[in-house]
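Have a look at the structure below before the remarks.
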Amino acid sequence: MNIKGKNLFFKLALATMLTLTLTISTTQVNAQTQSRPNILLIVADDLGYSDLGSYGGEINTPVLDQLAQQGMRYTDFYVAATCSITRSMLMSGTDNHIAGLGNMSELNAPNQVGKPGYEGVLNKRVASVAELLQENGYHTYMAGKWHIGLKPDQIPHARGFERDFSALVGGGSHFDDGWNINWQIPMMPYTEDGRPVKKLPKDFYSTRAYTDKTIQFIEEGRKDNKPFFSYLAFTAPHGPLHLPDDWLRLYKNRYDEGWDGIRQKRLTRMQELDIIDKNANFADRLAFLPRSSGMVPAARVLQGRKMELYAGMVEYMDDQIGRVFDYLKEIGEYDNTVVIFISDNGAEGNDLRSMMAGQPGTMGYLHGMNNFAENNHNSIGRKGTYAEYGPAWAQVSMTPFRIYKGWVAEGGIRSPLIISGPGVKGAGGLNKKAVLHVTDIAPTVLELAGIEHPATYKGRDIEPMQGKSWVGMIEGDTESPRTADDWLGWELFGNRAIRQGDWKITWLYEPFGSEDWQLFNLATDPGEQQDLSNELPEKRQELIALWDEYVETNGVIIGDRSPFEQAGKQLPTRVLESDNYPPVRGLEAVPYEKLLELMNRQ
Amino acid sequence: MNSKIRHIRLLAFVTNLAILSFSAPVFAVDDGARAFWKAREGSTVLSFQFLNLNMQASGAEQFAPGLYIYPNSDAEANIVVASWVRHITLFDRASSFAVNLTGGSVQADIGASRPSDFLPPGATPNSEFSQSSSGYADPTVQLDINLFGTPRLKSNVDLFNYEPTWTVDAAVMLGVPMGEYDDDKLVNLGLNRWFTRIALPVKYHFGAFSPGYMGSFEITPSVWMFEDNDDFLGQTLENDPILQLEAHLTQDFTPTVFGSIDLLYRKGFESTIGGVEAGEELDIGDLGYTLNVTTTDNLTIRASFSSNVFGDNDVENSVIRMQFVYRWHEATENNKKLQHH
């Protein structure tokens, strides 16, 4: 063989080896790609525990109900009491006091400002789940609400999302007018792929826009067959209650009967669905809320109108989720996509508009006057209005629990959870054993993607995740990722809670709490109606010890100011009339129609 | 805003959706923008209108439907119309009943060359003469009932649920010959004959149905019919029906102010006196505008102007109108008493 011939031989051999190597490596990559599922994480904003049909709600949510039929529902899934707090834990897998949202950035107390864990943004002590996925071969997309950082190095594009269309804060208009409830950030800041969005399109409606972008991102990124992590963070049904015109009256008059009847029906359905136990203690109507049967029909219509809008927003969101699912089916990715659906906190019963823009003479009030003053019953739901559905409907949304968003009672921190997709066993099932937490989602996602949480990220040490992966649970190997000794802790605005097993202690400001620790058994008393502190002082003390551990572990600083410190004075006084008081004799003799006729004069 | 005040205003709004329910069409003006908007059953409306009408007919045309004034004449009328309107429910539909009392004065300068048979006593053929009349005109009553789009508005519940899009009404007006009439005069405020109008008001509402955002397109075809006047200068005056088309494009500017572009077109009314055709038929198209200001929960003030801009070139007219409308409902007033207690 001459030199030339040898060269040719070597070239052929090299080419063959290269071809083989490439073939093998391509096969491995494909195999890896095939084995790693897409992950679609859907977060609703202020959605209540019992709003979905699969959780007992009367709102029409066929897409999510179908998802529940394909996958699993979980009854004891916890988030934080407000939005950004939850999102910091969702992204980091660790407690919010470590991840930078020890308090909401808008409401940091003076003694919290500048302290580690109270940066008000997702800090650099943690790596976001998107950062880790992006680094490990996933496409990472986000559409929707971020709320954990505004500056260029804090926004989604800087925290691991290769594509994004993000509302950096929450609580603003769902339409193209784009105002924000907070006068200090008067216009909703949106980013797209890391760049500020200067102008929203005329037909912008948040829920539809986020859906469009999610589909667009997946479509544009799917050429390389890499799996995706898509975070679809709706701003619905958070106030202001806004809907496109043709959805405004979808639920017309469906809530005229008032909150008590609707809540009772939800309770019944939840019992039928086995979401709640028949003999359990459910929360009473909040003391300052009137019974709806004692309200004149016109007042019920006005109050019901708000719930109609809320229900419309929920159904609209469900419809748009259906669009994403349809698209995934169309491109053949639905069966390889794990879908996780949650809400970010309890339903909103606070009067956010009053809190932010309700005091005449303040900048917030001026901002409200200029941008969202309209509140006529026929206007609400449209541009320029700010309607919320209030504490009575929020309590319906949080049936059977007590209180609502902002508070660490069950009504503020329980969320629906649906998981479906490849590897999820027990289609249509309901898990009532597992006590789950939002910090679990990041470790679950990483395990599904075959990624280990590192000790360092981009040269900096990062905190370990506190959450526990659900992979063993969703694959049917275990009932819960937690043991009987495991516990969960919450603190926000000075309100505190610990749950271990069925036991829970809470420390709440008045009037919802006693400003001391109270003890509840959630197995028999999910409504947190019966304080067992006196009966079981030792159990209470055990849990208080866990609270101390929680503070120590996470660097909790109780604020020296709280938005709820005056709640007892700000909330309406207790209504005198309730279901059985004062006792009425002979009322049953008056036919209901006659009563209505009399009331109709009002 | 204080919740009590909000409640009062809300009730005031829903109680008094109907701003106006009457005008003085017999004096060549339209019903007006939003005239057929509905209010809660039991609402009462009192309205006072002041009208100044100027009319010039240079040819053989005539004007002032209902009134017969000689062709080729100038006239000016100052009219006051007082109306009482009650909103009721008929056949489970939102309806209203109105009584209108009209009075004022009219002055006409007539320059036509006419056969002496058609001249009033004392007038010389082929020369100008003037006539005037003052006093009450013929009162009218009108019943309006919704056929489509506006169910009963009996309670606040009905009102809160009321967000109309298309509505169709039927309205029948009857004129009673009780006004001032002198059979020796050409110019009278009374017609000396019964007359009626049948109208089919159609509306399309757009925008949110809440103050500040409401808009409407309204079109009302109608036909006027007149009995013969058998005592017109000793002869019989017969008139063909008038076909009328009234249209308005209205829009709220603020919660208490709306404006309207108004159109009124009338055709017909050919006259025969003693069996002899007299004058040509009406063919008048007026275009105008209206500004309406709600000053309190009860009181609304409206100003409008219109003038003919198409139709027969030989006829001109203009109308200036000021209207004061006061309305109330027992429940709203009672609620105010409670709030001020």
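Going line by line, the protein sequences match chains A and B. Numbering follows this note's numbering, with no gaps: position 309 of the first sequence is 309. Going from the second sequence to this note's numbering is simple: count from 1 and add 1000. For each residue, glycine too, the CB sits at the ideal point set by N, CA and C. Model, not experiment: these values are computed from the prediction.
For residue 298(A), a Cβ of chain B is located within less than 8 Å of the residue's own Cβ.
For residue 1244(B), the enclosing beta strand (DSSP E) starts and ends at 1242-1254. Closer than 8 Å to the CB of residue 377(A) there is at least one CB belonging to chain B.
Proximity of residue 302(A) to chain B, defined by a Cβ-Cβ separation below 8 Å, is satisfied. Leaving aside the five residues that flank residue 41(A) on each side, the residues in its chain whose CB is nearer than 6 Å to its CB run, in chain order, 231 and 340. By the criterion of at least three beta-carbon pairs nearer than 8 Å, the segment 400-419 of chain A is in contact with the segment 512-522 of chain A.
Within the same chain, and ignoring the five residues on either side of residue 193(A) in sequence, the residues whose Cβ sits closer than 7 Å to its Cβ are 157, 163 and 164.
For residue 217(A), there is no enclosing beta strand (DSSP E); the enclosing alpha helix (DSSP H) covers residues 206-221.
Relative to the Cα of residue 1208(B), the nearest Cα in the group 245(A), 236(A) and 176(A) belongs to 245(A). Counting along the chain, the unbroken beta strand (DSSP E) around residue 496(A) starts and ends at 495-500.
In the pairwise beta carbon analysis, the segment 412-422 of chain A is classified as touching the segment 45-56 of chain A: at least three pairs are separated by under 8 Å.
At least one CB atom of chain B sits nearer than 8 Å to the CB of residue 253(A).
Counting only the Cα atoms, residue 1166(B) lies some 10 Å from residue 1218(B). Listed along chain A, the residues sitting closer than 8 Å to residue 1208(B) by beta-carbon distance are 376, 378, 379 and 382.
Around the beta carbon of residue 1173(B), 16 or more other beta carbons sit within 10 angstroms, so the residue counts as buried. The beta carbon of residue 1160(B) sits closer than 8 Å to some beta carbon of chain A. Remark: fewer than three beta-carbon pairs, one from each stretch, lie closer than 8 Å, so the segment 62-70 of chain A and the segment 357-374 of chain A are not flagged as touching. Between the alpha carbons of residue 1310(B) and residue 1033(B) lies a distance of about 20 Å.
Considering only 1257(B), 1141(B) and 1202(B), the residue with the shortest C-alpha distance to residue 1175(B) is 1141(B). Beta-bridge partners assigned by DSSP to residue 1085(B): 1045(B) and 1098(B).
Contact of residue 1239(B) with chain A is not assigned, every C-beta pair being separated by 8 Å or more. Within chain A, the residues whose beta carbon sits less than 8 Å from that of residue 1163(B) are 249 and 378, listed in sequence order.
Within a 10 Å sphere around the beta-carbon of residue 225(A) sit fewer than 16 other beta-carbons, which makes this residue exposed. Below the 8 Å Cβ cutoff, chain A contributes no neighbours of residue 1257(B), its closest Cβ being approximately 15 Å away.
In this structure, residue 307(A) lies near residue 255(A), with their beta-carbon atoms less than 8 Å apart. With three or more CB-CB distances shorter than 8 Å, the segment 1292-1299 of chain B counts as touching the segment 1318-1337 of chain B. Judged by DSSP secondary structure, residue 504(A) falls within the beta strand (DSSP E) whose first and last residues are 503-507. Between residue 1158(B) and residue 247(A), the alpha-carbon positions lie close to 21 Å from each other.
Taken in chain order, the members of the segment 1213-1229 of chain B whose beta-carbon sits within less than 8 Å of a beta-carbon on chain A are 1213. Inter-residue distance for residue 1245(B) and residue 354(A) is about 50 Å (C-alpha atoms, whole angstroms).
Using a Cβ-Cβ cut-off of 8 Å, residue 1156(B) counts as an interface residue toward chain A, since at least one Cβ of chain A sits closer than that to its own. One Cα belongs to residue 274(A), the other to residue 87(A), and the distance between them is close to 29 Å. Checking the DSSP bridge columns, you'll see residue 320(A) has no partner listed. Sorting 39(A), 75(A) and 82(A) by C-alpha distance to the C-alpha of residue 349(A) places 82(A) at the top.
Residue 1331(B) sits in a helix when the DSSP states are folded into three classes.
What residue 1177(B) touches in chain A, judged by beta-carbon distance under 9 Å, is nothing: the nearest beta carbon there is about 40 Å away.
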